[in-house]
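**Student:** So the sequence shown is residues 77 to 231, counted in the numbering used here. From the three backbone atoms N, C-alpha and C, an ideal C-beta is built for every residue, glycine too. Quick one: the structure is below, and I'll ask about it shortly.
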Amino acid sequence: MKTKMVYMLVPVVALAGFGWAYWLWSAEQSDAAATAQASALKARNEAKEDLYGGKAYAARDGEKEALADIAKGSPKYYVYGLPARSESAMAEIMHSRFGIEWTRIAGCMVSDPLVRFADTYDKEVESYIARRFGPNAFVQAEKDAAPDHPSQTEG
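If you want it as structure tokens, here you go:
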């Protein structure tokens with residue numbers, strides 16, 4: 077009777093041991109898969125951020141760069157997004173009236189750091205235009221560059 081009990085107990089214990097080992101192995105595989113997936117997602121997000129100029133602009137300070145460029149006498153106006161019909165006219169007006177270079181830094185695919193940099197830089201440049209050329213100079217330039225403005229429809 078003892079031997080019959082051993083014949084039953086050994087397979088049960090072996091099966092329980094196999095089940096426990098399999099459970100540990102599958103938990104480890106699941107953790108490894110989750111870690112690999114998280115790593116791939118992080119790499120994809122970093123690549124996307126880099127593709128849209130995120131890393132290039134993340135550490136840059138738009139306000140400081142604008143003040144330095146204004147002090148050197150070479151301010152720029154950074155634009156991104158789809159080009160407007162009036163963009164070439166606005167670029168010409170910014171250059172001829174204010175001595176500011178119109179610079180396209182991105183199309184419609186942008187990152188948060190790029191937008192933050194461009195917006196803070198441009199805010200300083202607009203303040204400079206207001207101080208030097210009058211509070212409505214930039215708004216007037218935008219109106220003059222509009223496609224339906226008489227200066228744009230002549231010729």
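Rounded to the nearest angstrom, what separates Glu218 and Lys131 at their Cα positions?
**Tutor:** Whole-angstrom Cα-Cα distance: 31 Å.
**Student:** Express the C-alpha separation of Thr179 and Ala134 in angstroms, rounding to a whole number.
**Tutor:** Taking the straight line joining both Cα atoms gives about 19 Å.
**Student:** Have a look at the DSSP bridge pairing and note the partners of Arg173.
**Tutor:** DSSP output for Arg173 lists no bridge partner at all.
**Student:** Does the segment 194–208 touch the segment 139–153, meaning 3 or more C-beta pairs lie closer than 8 Å?
**Tutor:** Taking 8 Å as the limit for Cβ pairs, the verdict is that the segment 194–208 does touch the segment 139–153.
**Student:** Using CA atoms only, rank isn't needed, just tell me which of Ala222, Lys80, Ala109, Ala147 is closest to Tyr163.
**Tutor:** Reading off the sequence, residue 163 comes out as Glu, not Tyr. Of Ala222, Lys80, Ala109, Ala147, the residue nearest in Cα terms is Ala222.
**Student:** What does the alpha-carbon distance come out to for the pair Val215 and Glu141?
**Tutor:** Cα to Cα, Val215 sits roughly 23 Å from Glu141.
**Student:** Please report how far the alpha carbon of Glu168 lies from the alpha carbon of Lys118, in whole angstroms.
**Tutor:** Their backbone Cα atoms lie some 42 Å apart in a straight line.
**Student:** Return the first residue and the last residue of the alpha helix (DSSP H) that Val191 is part of.
**Tutor:** Run containing Val191: 188–209, per the alpha helix (DSSP H) assignment.
**Student:** Have a look at Ala213, Phe94, Ala90 and flag the residue whose alpha-carbon is nearest the alpha-carbon of Arg173.
**Tutor:** Here the closest residue by C-alpha is Ala213.
**Student:** Under the rule that 16 or more other beta-carbon atoms within 10 Å means buried, what is Ser115, buried or exposed?
**Tutor:** When all chains shown are included, Ser115 counts as exposed.
**Student:** Tyr153 by DSSP, collapsed to three states: which one?
**Tutor:** Strand, per DSSP.
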